[in-house]
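The block underneath contains the structure these notes are about, expressed in structure tokens.
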């Protein structure tokens, strides 16, 4: 079946939200992030079957020039009818147009259809992750961390990249941890240090009122966690979320000791487009 794929306009937004509700139920966020998406490089695409909008997908170029494939939603009655494939074809067209060396996506570990579709377009498993969160910030405080200048960010964060298997996460956006990502995080005011070599990456890519995301702890992790908890309390957010490589057992143990609850397990998949 031939579908028409075009860039979303504000006039299409109500129908795009309808598609999201059909696909995701109560787990919707497009209304909150539509204006933010408009500030990013890459298209929020809409798939039409005739005159009916039946699918959406967002392609975003991240700080390091890689492509992030997100917000793929298909109206229930049109699922498994080639709409997702049409979105992926548009994703890959944009990746070529922007000269992206890599594209990545994420999904839950129990999802079968999303990884299967991603593999059709050359994406393979890159890393598994685990997510925890807390709504109790009482253990925070008593430490002093300050924002880091972007020129210094990579030197600060690089020693901790291996423990995170080379990825940091904000709002389930899995960034490859490299110099460009470190600089971008710091430019957004998300990288902190204590002056003794310890580091914290803390913030939100979007929906900052819904929660803070603790992307990295390095050095004195207990002190960094106390800082993050205090910041969550100070900013008045309802939760602090930490999403990290599944193999980072010391971090998981610290979070469990600190009262964090397990949310779920996820994977990220990627394709190397350089070859």
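Residue numbers (the numbering used here): 1350 to 1624. Heads up, the beta-carbon is just placed ideally off N, CA and C, and yes, glycines get one too.
Helix, strand or coil for residue i? Go by DSSP, reduced to three states.
i            : result
residue 1427 : helix
residue 1567 : strand
residue 1354 : strand
residue 1377 : coil
residue 1384 : helix
residue 1561 : strand
residue 1585 : coil
residue 1613 : strand
residue 1595 : coil
residue 1359 : helix
residue 1367 : helix
Report all residues from its chain with a CB closer than 6 Å to the CB of residue i; omit the five preceding and five following residues, and keep chain order.
i            : result
residue 1533 : 1412
residue 1486 : 1578, 1581, 1582
residue 1569 : 1547
residue 1556 : 1381
residue 1400 : none
Mind reading off the beta-carbon distance from residue i to residue j? Whole number of angstroms is fine, and I expect it under 8 Å.
i            : j            : result
residue 1422 : residue 1373 : 6 Å
residue 1619 : residue 1451 : 6 Å
residue 1402 : residue 1364 : 4 Å
residue 1455 : residue 1617 : 5 Å
residue 1506 : residue 1526 : 7 Å
residue 1457 : residue 1609 : Their Cβ separation, rounded to whole angstroms, is 19 Å, which puts residue 1457 and residue 1609 out of contact at 8 Å.
residue 1407 : residue 1388 : The Cβ separation is near 12 Å, so there is no contact.
Say whether chain B places a C-beta atom closer than 8 Å to the C-beta of residue i.
i            : result
residue 1482 : Absent from the structure is chain B; it holds one protein chain and no more.
Closer than 8 Å by C-beta to residue i: which residues in its own chain qualify, once you throw out the five before and the five after it? Chain order, please.
i            : result
residue 1368 : 1402, 1403, 1404, 1405, 1422, 1423, 1424
residue 1355 : 1394, 1395, 1397
residue 1498 : 1535
residue 1434 : 1466, 1469
residue 1600 : 1512, 1566, 1570, 1591, 1593
Between residue i and the ligand MG, is there a pair consisting of the residue's CB and a ligand heavy atom that are separated by less than 7 Å?
i            : result
residue 1555 : Among the components modelled here there is no ligand, and therefore nothing to report on the ligand MG.
Can you give me the Cβ contacts of residue i inside the same chain, cut-off strictly under 7 Å, excluding the 5 residues immediately before and after it?
i            : result
residue 1385 : 1555
residue 1558 : 1586
residue 1528 : 1503
Suppose only complete runs of 3+ residues qualify. What are the beta strand (DSSP E) ranges in the region 1482–1554, listed by chain order? For the region 1482–1554, whole beta strand (DSSP E) runs of length 3 or above, ordered along the chain, are 1516–1519, 1522–1525, 1540–1542, 1548–1552.
Which full runs of the alpha helix (DSSP H) of 4+ residues lie inside the region 1390–1472, going along the chain? You should have 1432–1447, 1462–1469.
At least three beta-carbon pairs within less than 8 Å, the region 1579–1597 to the region 1472–1487: Enough Cβ pairs lie closer than 8 Å, so yes.
Check whether the region 1466–1473 touches the region 1501–1519, taking contact to mean three or more Cβ pairs, one atom from each stretch, closer than 8 Å. Note that the region 1466–1473 does not touch the region 1501–1519; fewer than 3 beta-carbon pairs, one per stretch, sit closer than 8 Å.
Examine the Cβ distances between the region 1513–1520 and the region 1489–1496 and report whether three or more of them are shorter than 8 Å. Three or more Cβ pairs closer than 8 Å define a contact, and the region 1513–1520 falls short of that threshold against the region 1489–1496.
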